[in-house]
Amino acid sequence: MECMLKAENVSLRFGSLEILNSISCVVAKGEFLSIVGPNGCGKTTFLHILNRLLVPSAGSVSGTAKSSLVFQDNLLFPWMTILENVMVCPLNEGSEKLSAHHIAHSLLKELHLDDFEAYFPFQLSGGMKQKVGIARALAANAKILLMDEPFASLDYLTRRKMHDFLLDIHKRNNLTILFVTQDIDEVITLSDRVMVFSERPARVIETLNLAKDYKQETVSGNCLSSAQAKKRLLHIMEGRKG
Amino acid sequence: MKQSKRTFRTYAIGIATLAALLIMWDMAIILFKFNPALFPSPLEVFLSVGELRHLFGDIGVSMLRLLAGSTVGIVLGVALGLITAKWIAALESIGAAMHFFRFIPPLALIPLFLVWMGTGETAKIAVLAWTTFFPVWLSTHDAILHISRHYGLLTKSLRIKTGFLLKQVLFRGSLASILTSARVGIGITFSVLVAAEMLGAYAGIGYRIALFQSVYQVDRMIAYILVLGILGFLLDKIVALVSARLTRWKQGAGD
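Protein chains in written order, with numbering that gives the first Met the number 0: chain A, 0 to 241; chain B, 0 to 254.
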């Protein structure tokens, strides 16, 4: 198992406010790890630490693979066309314009968005914007996607389509994905593994290995196991309240 | 088809309003028996245009001054707006002074600048630059603060480098606000230009109006004033067109 990202006893404190309390995790190459927990518990903050946007008060983060954050809002620069948005990272890294154009165009074509290259973000639906955000992460040559509730504002059907799309991209590019969400169904549909965070200060109260326990059975047609997974997650999450 | 019909109607109403105003002007002179030397008819004003030998030269000189002054004002406004918004320390130290200067009317500065810099072009361009500078500075400052707040996390996450950040994110993102403020600034600068030319110039629209006033050639004064109206209207249209072309993403965008 190749380790892509490792967090060891990561804690964060702003003055007297403790946000994260000794969180550790090892993320394997190609793994889809979800993080669930109550509102405001520090899931997003943890992603920011993994993306090196914040420095933890204690503990460490290691891993050499490039990671990219995918946000829910303010995902794209509204004054750039879709093509320009995807070209941002190659150009920023010093690529020639022609080469950046080629990279962005190929990715958009792969994601069936090449017809929208000259469009501006306001002309795209929420799901399409998320796809462009993922295309930009791929253009940056990111091997790890840190996704912060990316589909929370999408309607049910679009969200389901985006799940299929994400799983397909995940598999084809052998991406490692850390996915923060509030939606337990989403966790079960997408993840190999799920970490459940407690109320703030967040600590990991349980890690479930869905691939081994449930997901494979779900693939083989046993729907009950996904129901069991859901029941167990609900039980854990409700347990922390009680 | 519908769009062109609407455009035609807009222009037709505009022309009809203008024609109605001219007729009212003419009627008022006949009805109230105004002194024709002080209140020339529209026809007399129109005929006087043919005698304006310096008209195109004056327009050229005035427009060059406006262009030079506005350009200096816009460039300085954008540069300083970026500095005051991006580096808060700079804002705190020079911000208060800037707001003090913002409230000094440019017209009050014309005599002072003429004393300091003479009646050459420098004084006039300096006053015009001063006038354009403040609205552009304020808008750039606000726009960059807004972009930094909304897209700061995204740019940090993408590890955007300073050069790319300045040009592609901060400048392009604030361009719509810069252009709107430049449009407002150029409008005010246009008024200040005429005043500056009246007080210290040997050519230009303002100078010529003041000259005609001194010899009571009211018809020529009015002709020049109408030319000012036409120039202002055209200038605003050009800036609005350029602005719309450069900020297509704003059409329908929320922010």
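Just so it is clear, CB atoms sit at the ideal spot from N, CA and C, and this is done for glycine as well.
query, result
"CA-to-CA distance, T130/B to I187/B, given in whole angstroms", "7 Å"
"Any C-beta of chain B under 8 Å from that of F119/A", "yes"
"7 Å Cβ cut-off: residues of chain A touching Y150/B", "N73 and F76"
"Opposing strand residues paired with E205/A [DSSP bridges]", "V195/A"
"CB contact flag (T180/A, V69/A, <8 Å)", "no"
"Supposed contact pair R192/A and L32/A - C-beta distance, whole angstroms, cut 8 Å", "5 Å"
"CB of G62/A within 8 Å of CB of N8/A, strictly", "no"
"Residue nearest to Y223/B in terms of C-alpha spacing, selected from L174/B, L137/B, D25/B and S61/B", "S61/B"
"Distance, L233/A Cα to H98/B Cα", "57 Å"
"Alpha carbon of I109/B to alpha carbon of I229/B, nearest angstrom", "25 Å"
"Beta-carbon contacts of I28/B that lie in its chain and below 6 Å, excluding the five residues immediately before and after", "F38 and S40"
"V258/B versus G205/B: straight-line alpha-carbon distance, rounded", "Outside the shown range of chain B, which is 0 to 254, sits residue 258/B, and nothing can be said about it."
"Any 3 or more C-beta pairs closer than 8 Å across the region 234-252 of chain B and the region 137-155 of chain B", "no"
"When L52/A, L209/A and I22/A are compared against C40/A, the one with the closest alpha-carbon", "I22/A"
"Residue-level contact to chain A via CB, D254/B, 8 Å cutoff", "Residue confidence for D254/B is low, a pLDDT of 45 falling below 50, so the modelled location carries little weight and cannot support an answer."
"Nearest candidate by alpha-carbon position, reference Q167/B, set R182/B, L227/B, I185/B and I143/B", "I143/B"
"Contacting residues, own chain, Cβ-Cβ under 6 Å from C88/A (five flanking each side not counted)", "A138 and A139"
"Three-pair Cβ contact test at 8 Å for the region 161-175 of chain A versus the region 201-209 of chain A", "no"
"Beta carbon proximity, N50/A to chain B, threshold 8 Å", "yes"
"Reduced DSSP category for S219/A - H, G, I as helix; E, B as strand; rest coil", "Note that S219/A scores 46 on pLDDT, short of 50, meaning its location in the model is unreliable; the coordinates nonetheless yield the value given after this. In the structure shown, S219/A sits in coil (DSSP, three-state: anything other than H, G, I, E or B)."
"Per DSSP, the bridge partner or partners of S10/A", "A57/A"
"Proximity to E50/B [Cα-Cα], best of P104/B, Q216/B, K249/B and A209/B", "Q216/B"
"Contact list for F150/A against chain B, beta-carbon separation under 8 Å", "None at all; the shortest Cβ gap to chain B is about 18 Å."
"I168/A in three-state terms, based on DSSP", "helix"
"L145/A, enclosing beta strand (DSSP E) - first and last residue", "I143 to D147"
"At least 3 beta-carbon pairs within less than 8 Å: the region 91-104 of chain A vs the region 152-164 of chain B", "yes"
"Contact list for V87/A against chain B, beta-carbon separation under 7 Å", "L157"
"Within chain B, the residues that L68/A reaches when beta carbons sit closer than 7 Å", "S156"
"Beta-carbon spacing of K249/B, A175/B below 8 Å", "yes"
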